[in-house]
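Structure record follows, encoded as structure tokens.
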Amino acid sequence: MTRSDKTPILTLRQVRKRYGPTEVLHGIDLDVYAGEVMALLGENGAGKSTVSNIVSGAILPTAGEMTWLGEPYAPANPRAAIDAGVAMIHQELRLLPDLSIAENVFVGRYPASWGRVDRRSMESRARTGLKRLGLDLPPTRLVRGLSTANQQLIEIAKALTLNARLLILDEPTAALGGAETDLLFRQIERLKAEGVAIIYISHRLEEIHRIADRIVVMRDGDKVQEFDRGDVSVRTIVESMVGRSIDRMFPEIPKPGEDVALEVRGLSSPNGSFRNVDFCVRRGEIFGIAGLVGAGRTELVRAITGADPIASGQVLLFGNDVTPRTPRDAIRNGIVLVPEDRKLQGLVLGHPVSENIGYANRSAVARRGFVTSAGVSRFAERSTRRFGVKGDVHQNADELSGGNQQKVVLAKWLTRDPRVVVLDEPTRGIDVGARSSIYDIIIELADRGIAVLVVSSDLEEVIGVSNRVMVMAQGRQTGILERGAANDVSVMELATA
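First residue of the sequence shown? That's 279 in this note's numbering, and the numbers climb one at a time after it.
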């Protein structure tokens, strides 16, 4: 039976959303069918999240109508949507760190027996959900300390226990490596076969042709394009998203200098997450670090920047031992980290952009020992203009799009004129337009002679922006590839060595 012969399980007709005088959705029409994956794509600020939040009951539309399973649908809150069979997995992890995995999976709906929580049933059902996703973790383990990738899979397992008829997946693979992504995709195929509908939001466009049956593209609050198949070229999708032709995805990479800026000698962690790592980065070099989830990439760069402890080894800056014990040590020596989770580790979300930038630049904003709001605002305005942040410095950070939040994190550290910049997943959850501007910032840093380390789960990205790529596997350094020798095959061979 063709789609035209089928009845959609969810419809949106002329759905609008307004915040004060600003309308962010302009009359959206959308159909979602059982047993299909509909990719919902667009730049940050295009309206994808607004549509998803309306469907999942997180926000109310200003105008328009929806139907669900043929009946009028207007969820007043997420609980009403979940009760109807609609579940959303958000990009931001929402697990409670001091509860167990099983408790997180069933939070708010614990199975009970004789008026008490039935822990045996809860843990058994949670274990089943984890196994379906290939996650070999005891359900009694606390969430605190788990990797971002494992926490993302737990979020997915949590949604699967709801037996939802519609799943909205917002950047579900952003923190996952290749193996975990394959597991997720196999699970999605099984859910499709069971008749579950899936709205799939992702900025990893290369994976869309693998998983999507249909593609809807949004731009500036409008639905601008719909493809009735998933095997659409990345270039075509990107041009629909940005509304113009694109010439290239990655910029030209400058040639680095000869002198060594950063050297790492025999670095090992206390818990074995990485061991005996040796490499050097030249002035003006972009040095990529690749590997599968669990390879030790993030732990390594956090140690280099003083955020995690070092068991043995040295960090040298222009030949001087500057092995940091705290982030303050690293910052004082000109080594800064833009962390992988900008929301939890890079920003104070409920505070204004100006204050977020000011926190990292107190000495620059202080005049005669005093810090004033006006001085902080002026400093922040100069920083945000320099790095192309769209928004007012008086806005809270959580009011900005993901791309602009990342630029604020970059701005607060790069304004300090560092000598080494470490970028951990610099474009995670960011649209292609914002990615391009962040790549331009990386190139600008290298042109200024700054040594740049880029950690990325996106293999195409880490190869595309780097002069050299170091590959890690299970905490070991397995090789360093020159730009001409780094490709999907050579990197994956080392990543699985």
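Heads up, the beta-carbon is just placed ideally off N, CA and C, and yes, glycines get one too.
This structure is a prediction, so every number in the text was calculated from the model and none was measured.
C-beta contact flag for residue i and residue j at 8 Å
i, j, result
"M400", "A380", "yes"
"I564", "I741", "no"
"R580", "L545", "no"
"H481", "G508", "no"
"R706", "E577", "no"
"V733", "D695", "no"
"R567", "R560", "According to the sequence shown, residue 567 is Ile rather than Arg. The answer is no: Cβ separation not under 8 Å."
"V474", "L447", "no"
"V710", "Y478", "no"
"V364", "V333", "yes"
"A775", "A539", "no"
"L308", "V494", "yes"
"A359", "G386", "no"
"V749", "G591", "no"
"V643", "V654", "yes"
"L411", "L461", "yes"
Straight-line gap, residue i to residue j (C-alpha atoms, nearest Å)
i, j, result
"G624", "A689", "11 Å"
"A317", "W346", "19 Å"
"L772", "T756", "6 Å"
"Q430", "L454", "8 Å"
"S551", "Q752", "7 Å"
"T451", "T650", "42 Å"
"R419", "I432", "12 Å"
"H629", "S425", "27 Å"
"A352", "T439", "23 Å"
"Y311", "E467", "15 Å"
"R754", "R357", "45 Å"
"S661", "N634", "11 Å"
"L304", "R291", "At residue 304 the sequence reads His, which differs from the Leu that was named. Using only the alpha carbons, I get a separation of about 11 Å."
"N355", "V516", "33 Å"
"E472", "G313", "7 Å"
"C558", "E541", "4 Å"
"P534", "T340", "53 Å"
"A658", "R645", "15 Å"
"D414", "V395", "24 Å"
"V767", "R746", "15 Å"
"N428", "L374", "14 Å"
"I588", "S632", "33 Å"
"F463", "E349", "30 Å"
"T280", "Q503", "Because T280 sits at a pLDDT of 49, beneath the cut-off of 50, its placement in the model cannot be relied upon, and the following sentence gives the value as read from the coordinates. The alpha-carbon atoms of T280 and Q503 are separated by roughly 20 Å."
"F505", "A437", "28 Å"
"A390", "S735", "41 Å"
"L377", "R513", "43 Å"
"R294", "A652", "37 Å"
"S744", "G669", "30 Å"
"K621", "I476", "26 Å"
"N765", "E343", "48 Å"
"P548", "N441", "42 Å"
Whole-Å CB distance - residue i paired with residue j, under 8 Å assumed
i, j, result
"V571", "E458", "6 Å"
"V686", "V667", "6 Å"
"L469", "A435", "With a Cβ gap of about 13 Å, L469 and A435 do not count as contacting."
"T604", "V593", "At roughly 13 Å, the Cβ-Cβ gap does not stay under 8 Å, so T604 and V593 are not in contact."
"A675", "Q684", "Contact flag wrong, Cβ pair sits at about 11 Å."
"V698", "G562", "11 Å between Cβ atoms; not a contact."
"L737", "V769", "6 Å"
Local Cβ density within 10 Å of residue i, reported as buried at 16 or more and exposed below that
i, result
"T300", "exposed"
"W691", "buried"
"R492", "buried"
"L595", "buried"
"P416", "exposed"
"L288", "buried"
"E484", "exposed"
"A490", "buried"
"R296", "exposed"
"F648", "exposed"
"T406", "exposed"
"N554", "exposed"
"R422", "exposed"
"R372", "exposed"
"G521", "exposed"
"P704", "buried"
"E739", "buried"
Any non-hydrogen atom of the ligand GTP closer than 7 Å to residue i Cβ
i, result
"A775", "Here there are no bound small molecules, and the ligand GTP is not part of this structure."
Measuring CB atoms only, is the region 314-324 touching the region 677-696, in the sense that at least three cross pairs come out at less than 8 Å?
Yes: the two stretches touch, three or more of their Cβ pairs being nearer than 8 Å.
Would you say the region 760-770 touches the region 577-591, given that touching needs at least three Cβ pairs under 8 Å?
Put simply, the region 760-770 does not touch the region 577-591. Fewer than three CB pairs are less than 8 Å apart.
May I ask you to verify whether the region 708-728 touches the region 529-538, counting CB pairs closer than 8 Å and requiring at least 3?
The region 708-728 is in contact with the region 529-538.
For the structure I just gave you, are there three or more beta carbon pairs, one from the region 496-507 and one from the region 323-333, closer than 8 Å?
The region 496-507, when compared against the region 323-333, does touch it at the 8 Å Cβ threshold.
Tell me whether the region 596-606 and the region 626-642 touch, counting them as touching only if at least three CB pairs, one residue from each stretch, are closer than 8 Å.
They do not touch, by the three-pair rule.
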